[in-house]
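A.B. asks: Just passing along the structure, written as C-alpha cells.
Numbering (the working numbering), first residue to last: 47 to 164.
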C-alpha cells in the first residue's frame, strides 16, 4: 500500500505524464487507475479516450474489482463534456462537429463491453 505522500506524488505524476500513467494502469496499478479519474479532464482528448478504455478493460477482466468499477464511473462522469449532447457542448465552446465526433468515439468504445459489465 502507498503512503499519503506517495499517492500525492502519483497524482502529480499522472497530470504531468498521462501516457505513462495509462500504461501503468493497463499493467494493473490500482493507484494509477484511481489517480487517472481525478485528472482525466486535464488529459488531451485522445488520451482521455485511451484512459477510459484502460479503465473499461480493467473492469471487464475476469476479476471484477469494485475499485476499478468506481474508477470507471468517476471517469465517465468527468468526461461529461465529451458525452454531452451537441447543443450543450456548443454553449461551452466546443464546435458541434467536435462534440458529435467525440460522443460517437466514446459510444463505440463503451458499447462493445456493456454485456461484460452487466
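Where is the CB? At the ideal position from N, CA and C, for every residue including glycine.
Suppose the cutoff is 7 Å on Cβ atoms and the five residues either side in sequence are ignored; what does the same chain contact list for residue 72 look like?
C.D. replies: Within the chain shown, the letter at position 26 stands for residue 72. Result list for residue 72: 100, in chain order.
A.B. asks: Below 6 Å CB to CB, which residues in the same chain sit around residue 68 once its five sequence neighbours on both sides are set aside?
C.D. replies: What you label residue 68 is simply residue 22 of the chain shown in a count that begins at 1. Here the set comprises 96, 97, 100.
A.B. asks: Which first and last residues belong to the alpha helix (DSSP H) in which residue 76 is found?
C.D. replies: Counting from one through the chain shown, the residue named residue 76 turns up at place 30. Its alpha helix (DSSP H) spans residues 76–85.
A.B. asks: Quick test of your reading: residue 121 and residue 82, contact by CB under 8 Å. State the CB separation rounded to the nearest angstrom.
C.D. replies: For the purposes of this step, residue 121 is taken as the residue at position 75 of the chain shown. For the purposes of this step, residue 82 is taken as the residue at position 36 of the chain shown. Residue 121 to residue 82, Cβ: 7 Å. Contact.
A.B. asks: Quick one: residues in its chain with C-beta nearer than 8 Å to the C-beta of residue 70, no 5 flanking neighbours on either side, listed in chain order?
C.D. replies: In the chain shown, the residue the question calls residue 70 occupies position 24. Only 78 meet the Cβ criterion.
A.B. asks: With H, G and I counted as helix, E and B as strand and the rest as coil, what does DSSP make of residue 107?
C.D. replies: Position 61 of the chain shown holds residue 107. Coil.
A.B. asks: Measuring CA to CA, which of 106, 158, 89 is closest to residue 125?
C.D. replies: Reading the chain shown from its first residue, position 79 is the one you call residue 125. Here the closest residue by C-alpha is 89.
A.B. asks: Taking a contact to mean a Cβ-Cβ separation below 7 Å, would you say residue 106 touches residue 118 in this structure?
C.D. replies: Here residue 106 corresponds to residue number 60 of the chain shown, with the count starting at 1. Here residue 118 corresponds to residue number 72 of the chain shown, with the count starting at 1. Not a contact, by the Cβ cut-off of 7 Å.
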